[in-house]
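Sequence lines, in order, name chains A and B. Residues in the first sequence are numbered from 1 upward in steps of one, following the working numbering. Residues in the second sequence are numbered from 1001 upward in steps of one, following the working numbering. Glycine included, each C-beta is placed from N, C-alpha and C at the ideal position. Predicted model only: the values in this text are computed from it and were never measured.
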Amino acid sequence: MKRKLLAATSLLAAGTLFLAGCSTSSPNSGTANGSEGSGTGTVNLLGPEDPATFAPVIAAFKAKNPDISVKYSQVPFDQLNPTLQQRLGAKDDTIDVYTVDQPRLSQLAAQGFLEDLSSLKGQTKAAVPDAQYSVNLYQDKLWALPIWNSTQLMFFNKKALDAAGVKHPSIDPAQRMTWEQVVKDGKAVQAAGTQFGLLFEQVEAYYQLQPLAESAGGGSGITGDKMLTTDITNPGWEKAMQWYADTFSSGLSPRGVGGFQTSPVFTSGKVAYFIGGPWDIGNFAKSSIDWGVAPMPYFAGGSQATPTGSWSWGINPASKNKAAAKKFLEFASFDPAGNLATTEAQTIIPANTAATAQYLPKLEALGGDKSKGVGSLIAHENTETAKPRPVSIGYIQFEEIIGKAFADIRNGSPVSERLKQAAQQINDAWKQL
Amino acid sequence: MIAATTQAKVTRQRTVAYLGLSVLGACIGILFLTPLWWTFVNSLRPGSDTFRYLNPLEWETFFTATPSLDNYAALLRSDLGLATLNSIIVSGITVVVGLAICSMAAFALAAIPFRGSGIVFVAVVVSFLIPFDAIAIPLANLFRDWNLQNTYAGLILPGLGNGMAIFLLRTFFLAIPKDLVEAGRLDGLGWWGIFRRIYLPLSAPSLIGAGLTLFLFQWQSYVWPLLNGTDSQHILGPIALSNMQGQFNVDYGVMFAGSMVLTLIPLAIIIAFQRYFIQSVSTTGLK
């Protein structure tokens, strides 16, 4: 018995050592061993979207470059980052081009998971808005090319507002509503029989809640020369988060519905105001309710801020077909027709300026009269109020921890204490960087 | 008279207790069934109505007056059909080949005396005590070096040698009387003959139990196929289902329909073999 136990223990120890050896040595072994390749052949693209989303851009590219085929693989959205970390870490050369969530770019670049594209700086700067150029820079080098852009809008339920005698908000950014007014009107609409006054599409996502803190004067939450200092306990952040907590404790917003489960609640007519993205326009157009769209509100006396940023595409340094990958990337980002093709099957704003100009009227037409004027509103928000997420190699940890804090705050945690706790957790996580 | 009354009382009490327990059992059963039922009902209504009847709860939360099969029709246009087929292929081959390997290994450990069999058995036990997810990453690196990415072989191989299945089968084999082996030997059977003609026919229930273990390992496999490559020809059910959750919009109706399809297949298999499965698990410890 004793001998067996001894044997078992030694085996277990040997096994663990073997595993530890494999898992630590593999990602770091060797240098990036990719190559330019022939400029023809197959380019493997990896991303979280439905294959139908990228089929048009792949077909358009093939028509122009018959000797290059692009093969797309989909990874589930919530598994994209872990999968990329593992496969890029192992120098997996079956990925040539992959989608890069813009706030994660600096960490991917710092890890050596992105090919330096600095030779394309001039072309990129000329092709896209400034905010879309700068989010792809890390340590003054260009690491990915912007494909999509985004913003946030406020949708409203006309029937619900009419029932309470509340005026429809204007689509003119100059007459942007304040959050205070939204709460007041939302409560009036609730009193008139609509179940909820206000709902955010991504209730716990930094992307959508950052503008609250920005508008209240709290900043992005990350400061310092190296962008590794937390700043989420200032009065601006506390004000914004207290306001957010109150919308739930007062029953203006429902607690039980999670991020991206919310648009069905709006389309079922149970909500007065809904903060969502341009992708909702196409979606709502198919629903049976009567809706309108207005700019995202701001705090009275504060600045006007809206979310921005979306996805870029980068090249895997281990790719064995970089020349062809680069051609595809340039087509999808610089060529207005190519960039526009990435938005054919998915309602999202193209990053390329020329493509945006062609796209916005189409987007506006999607919702018919209901979304009239949304094209110029989005163009205005992109250039005037867009606040990009902070560029920091600690962004991933920041986003994860702050997301949990948002969840707790909306479920009733005391705001000030929870923010302090989050700040502490973020600092601890960053110490390991 | 008193004795008869007491007995009647006891019987009545027993009946009440029996009824009470049955009702309690039924209620707990219904609680387990509720999420699956809710998923099923919502797979029959459009995605935009999924959360419509959730708050407050009403009869329409759990029933629909206008069931439609649109979501199931939408599945036909998605990857789920191919993915389900792939899952069936991968799980099927794993069960057949895996059972052959595992039963032979279990037989060797249970019936053939050889030096070091204890160590081999401990290695087998340790192999299923380490979570597969923990070894998946280094294993994926090896598979990449061997060019097994995006191949059926790459998906099937990790499921073949299942420590749990070997353990289950070995325990069952140990219960087979050695006299039978001796008798077989006298009749001129070799090890293969003893395995093939004596052990296998006696072990149908435990083979079914081990087969289900192998099947479920592959059917639920999620991390491994993601690491091993995810091209559209080799996509598996759980990945295709997860892919339906887009980053901007989720059609819960279609997703629930997909979940139903992926749940019903193992459910049908488990219900069909449930008798053997329970039998195998309950008898593996008997001597």
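Problem set entry | Closer than 9 Å to chain A by CB, S1232 of chain B | So yes, S1232 of chain B belongs to the interface.
For this session: Using DSSP bridges, identify the partner residues of M154 of chain A.
Result: Paired residue(s): A:I275, A:A294.
For this session: For Q86 of chain A, decide whether its Cβ has a neighbour in chain B, counting only Cβ atoms nearer than 9 Å.
Result: Interface residue, yes.
Problem set entry | Entirely enclosed beta strand (DSSP E) segments - the region 193-226 of chain A, minimum 3 residues | DSSP runs (the beta strand (DSSP E)) wholly in the region 193-226 of chain A: 196-200.
Exercise. Under a CB-based cut-off of 9 Å, is L1044 of chain B close to chain A?
Worked result: Not closer than 9 Å to any Cβ of chain A, the Cβ of L1044 of chain B fails to qualify, so no.
Exercise. Out of A:E115, A:F113, A:L114, A:N136, which has the shortest C-alpha to C-alpha gap to T124 of chain A?
Worked result: Considering only A:E115, A:F113, A:L114, A:N136, the residue with the shortest C-alpha distance to T124 of chain A is A:N136.
For this session: Step through the CB atoms of chain B and report whether any lies within less than 9 Å of the CB of K370 of chain A.
Result: Between K370 of chain A and chain B, the shortest Cβ-Cβ separation is not below 9 Å.
For this session: Check whether the region 1025-1034 of chain B touches the region 263-277 of chain A, counting contact only when three or more Cβ pairs, one atom from each stretch, lie closer than 8 Å.
Result: At 8 Å Cβ cutoff, the stretches do not touch.
For this session: Check the Cβ-Cβ distances between K71 of chain A and every residue of chain B, and say whether any is below 9 Å.
Result: Cβ-Cβ to chain B under 9 Å: yes for K71 of chain A.
For this session: Report the option in A:T194, A:P173, A:M241 whose CA atom is closest to the CA atom of P211 of chain A.
Result: Cα-wise, what sits closest to P211 of chain A is A:M241.
For this session: Determine, using beta-carbon pairs with one atom in the region 355-367 of chain A and one in the region 69-86 of chain A, whether at least three such pairs fall under 8 Å.
Result: Contact fails between the region 355-367 of chain A and the region 69-86 of chain A, because fewer than three Cβ pairs, one in each stretch, are under 8 Å apart.
Exercise. From this set, A:I426, A:N283, A:D369, which residue's C-alpha is nearest G394 of chain A's C-alpha?
Worked result: Just measuring C-alpha positions, the residue of A:I426, A:N283, A:D369 sitting nearest G394 of chain A is A:I426.
Exercise. Looking only at DSSP bridge pairs, what is A386 of chain A linked to?
Worked result: A386 of chain A pairs with A:T306.
Exercise. Helix, strand or coil: how does DSSP classify V391 of chain A here?
Worked result: Secondary structure of V391 of chain A (DSSP, three-state): coil.
Exercise. Given a limit of 7 Å on CB to CB distance, which residues of the region 114-134 of chain A reach chain B?
Worked result: Answer set for the region 114-134 of chain A: empty.
Exercise. DSSP on D78 of chain A, reduced to helix/strand/coil?
Worked result: Helix, per DSSP.
For this session: From the DSSP output, read off the bridge partner residues of W148 of chain A.
Result: According to DSSP, W148 of chain A bridges with A:P350.
Problem set entry | Cβ neighbours of E36 of chain A in the same chain (closer than 7 Å, five flanking residues each side left out) | Correct list, in chain order: K322, A323.
Exercise. With DSSP run on the structure shown, which of helix, strand or coil describes I315 of chain A?
Worked result: Three-state result, I315 of chain A: strand.
Exercise. The beta strand (DSSP E) with Y98 of chain A in it runs from where to where?
Worked result: Note, Y98 of chain A: beta strand (DSSP E), 97-101.
Exercise. Which one or two residues does DSSP pair with V1250 of chain B in a beta bridge?
Worked result: Partner residues in the beta bridge of V1250 of chain B, as assigned by DSSP, are B:Q1245.
For this session: For P414 of chain A, count neighbouring Cβ atoms within 10 angstroms of its own Cβ and tell me buried if that reaches 16, exposed if not.
Result: By the 10 Å Cβ count, P414 of chain A comes out exposed.
Exercise. Taking the continuous beta strand (DSSP E) assigned at G41 of chain A, which residues delimit it?
Worked result: Note, G41 of chain A: beta strand (DSSP E), 41-47.
Exercise. To which residues of the same chain is N411 of chain A closer than 7 Å at the C-beta, ignoring the five residues directly before and after it?
Worked result: The answer, listed in chain order, is R255.
Problem set entry | N-terminal and C-terminal residue of the alpha helix (DSSP H) that Y133 of chain A is part of | Y133 of chain A -> alpha helix (DSSP H) spans 130-134.
For this session: Flag this pair as touching only if the region 226-243 of chain A and the region 114-128 of chain A have three or more C-beta atom pairs under 8 Å; answer yes or no.
Result: The count of Cβ pairs closer than 8 Å, one atom from the region 226-243 of chain A and one from the region 114-128 of chain A, stays below three, leaving the stretches out of contact.
For this session: Would you verify that the beta carbon of P51 of chain A is, or is not, closer than 9 Å to some beta carbon of chain B?
Result: Yes, its Cβ sits closer than 9 Å to a Cβ of chain B.
Exercise. Would S23 of chain A count as contacting chain B if we go by Cβ distances under 9 Å?
Worked result: Confidence at S23 of chain A is low in this model, with a pLDDT of 44, below 50, so its placement is unreliable and the value that follows should be read with caution. Contact of S23 of chain A with chain B is assigned, a C-beta pair being separated by under 9 Å.
Problem set entry | Reduced DSSP category for K71 of chain A - H, G, I as helix; E, B as strand; rest coil | In the three-state reduction of the DSSP assignment, K71 of chain A falls in the strand class, which pools E and B.
Exercise. Excluding five sequence neighbours on each side, which residues of the same chain lie with their C-beta closer than 6 Å to the C-beta of I373 of chain A?
Worked result: The displayed chain sequence assigns Gly, not Ile, to residue 373 of chain A. Cβ within range, chain order: I171.
Problem set entry | Cβ-Cβ separation, T1050 of chain B to Y1252 of chain B (assumed contact under 8 Å), whole Å | Between Y1252 of chain B and T1050 of chain B, the beta carbon gap of about 4 Å places them in contact (Cβ cut-off 8 Å).
Problem set entry | Anticipated Cβ contact below 8 Å, L1099 of chain B with A1017 of chain B, distance rounded | Actually they do not touch by this definition, with Cβ atoms about 44 Å apart.
Problem set entry | Cut-off 8 Å between Cβ atoms - residues of its own chain near K244 of chain A, not counting five sequence neighbours on either side | Sequence inspection shows Tyr at residue 244 of chain A; the Lys mentioned does not correspond to that position. Correct list, in chain order: L209, L212, F406, I409, R410.
For this session: Check L433 of chain A in the structure and name its three-state DSSP category.
Result: Note: L433 of chain A maps to coil in three-state DSSP.
For this session: Starting from the Cα of G236 of chain A, find the closest Cα among A:V128, A:G301, A:F248 and give me that residue.
Result: For the residues A:V128, A:G301, A:F248, the minimum Cα distance to G236 of chain A belongs to A:G301.
Exercise. Are the beta-carbon atoms of F398 of chain A and G259 of chain A separated by less than 9 Å?
Worked result: Not in contact: F398 of chain A and G259 of chain A (Cβ atoms no closer than 9 Å).
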